[in-house]
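Numbered by our numbering, the letters in the sequence shown go through residues 276 to 556 in order.
Note sheet for the following structure.
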Amino acid sequence: MTIQTVSTNRSHGGVQGVYRHASQATGTDMVFSVYVPPHADGARLPVVWYLSGLTCTHANVTEKGEFRRACAELGLIFVAPDTSPRGPDVPGDANNAYDFGLGAGFYVDATEAPFARNYRMWSYVTDELPKIVSGNFPLDARRQSIMGHSMGGHGALTVALRNPHRYRAASAFAPIVAPSQVPWGIKALTGYLGPSKEAWRSHDTVALIEDGAKYSGFLVDVGEADNFLKEQLKPELLQAACTKANIPLTLRRQPGYDHSYYFISTFMSDHLRWHAERLKG
Ligand SMILES: N[C@@H](CCC(=O)N[C@@H](CSC=O)C(=O)NCC(=O)O)C(=O)O
């Protein structure tokens with residue numbers, strides 16, 4: 276499991292790195308970023324995984340997420356994977372749309388041809404990448420948490436609900452909470468998993484909760500001026516499901532904020548503090 280260093284930069288006393296490796300999960304090269312905060316020699320640190328949204332690579336949050344000052348203060352490693360496999364032989368959307376295929380892996384292991392060969396982002400983010408990061412960075416695997424934005428918020432919440440003992444905290448910015456019920460999700464889940472809605476339920480936050488998944492609680496921020504709020508995000512469905520299942524949800528509706536990294540970066544340090552509280556000890 277060798278990784279190649281693409282770049283490293285000193286930042287807030289720690290190191291922001293970008294790395295490349297050959298992925299067995301996706302059958303392609305994959306690029307990810309890791310911020311390691313200043314720390315004592317030999318220390319093992321808690322880690323926050325960040326899953327990005329449609330059209331993103333590792334670079335969007337790395338360059339615009341404004342997480343490093345808080346991670347340095349709180350002693351958190353921050354890892355940002357890509358959102359899909361990429362390469363000349365990787366199939367994408369037939370019409371080059373932004374919401375399927377390249378940059379839009381939806382954090383599932385595809386079962387449908389021709390996507391099943393490469394689109395294995397569930398295995399990548401929950402299995403292969405954690406092993407690679409554990410083997411190359413000073414992380415404490417007992418202290419992990421996960422967050423994400425939009426499609427990545429969907430990824431973070433579903434990964435946490437299905438692995439509640441591994442991820443001690445989960446939060447999201449503008450997550451797609453019920454992909455089975457909204458256009459982005461219906462397109463992606465049909466394309467990757469096929470038409471049977473039964474197969475979608477384990478990749479749908481609201482359906483997972485309806486089906487009995489439990490979690491210690493979520494922090495979710497949405498912008499009230501987000502153009503995707505009503506058609507694609509539908510936070511009210513998460514609120515109803517959490518209320519019914521007695522899952523604590525802190526849902527904050529932020530007036531005037533949209534879907535962009537201006538929104539995410541504004542509330543990033545709140546989320547990291549919330550994670551750090553739950554990653555203590
Ligand atoms: N190009 C599309 C919208 C694409 C978009 O807004 N992508 C978001 C994530 S959306 C849900 O997963 C994003 O994070 N973009 C990258 C960025 O740096 O802002 C359109 O124009 O409608």
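Even glycine gets a Cβ: it sits at the ideal position worked out from N, Cα and C.
Per DSSP, Phe538 is one residue of the alpha helix (DSSP H) stretching across 536–553. When secondary structure is reduced to three states using DSSP, Ile407 falls in the helix class. A check of alpha carbon separations from Ala369 across Pro389, Pro360, Val383 identifies Pro389 as the nearest. Per the DSSP secondary-structure output, Asn284 pairs in a beta bridge with Gln291.
The beta carbons of Ala435 and Ile451 sit no closer together than 8 Å. In this structure Thr330 touches Gly378 by the C-beta definition: roughly 5 Å separates them, less than 8 Å. The nearest non-hydrogen atom of ligand 1 is less than 7 Å from the C-beta of Asn335.
Closest in C-alpha terms to Lys505, from the list Arg319, Asn438, Pro458, comes Pro458.
Taking the CA atoms as reference points, Asn284 sits about 11 Å from Val309.
If you draw a straight line from the Cα of Ala391 to the Cα of Ala315, it comes to about 43 Å. Taking 7 Å as the cut-off, one finds no heavy atom of ligand 1 near enough to the beta carbon of Met305. In the three-state reduction of the DSSP assignment, Thr433 falls in the helix class, which pools H, G and I. Pro523 and Gly492 have their C-alpha atoms spaced approximately 4 Å apart. Counting other Cβ atoms within 10 Å of its Cβ, Pro510 reaches 16 or more and is therefore classed as buried.
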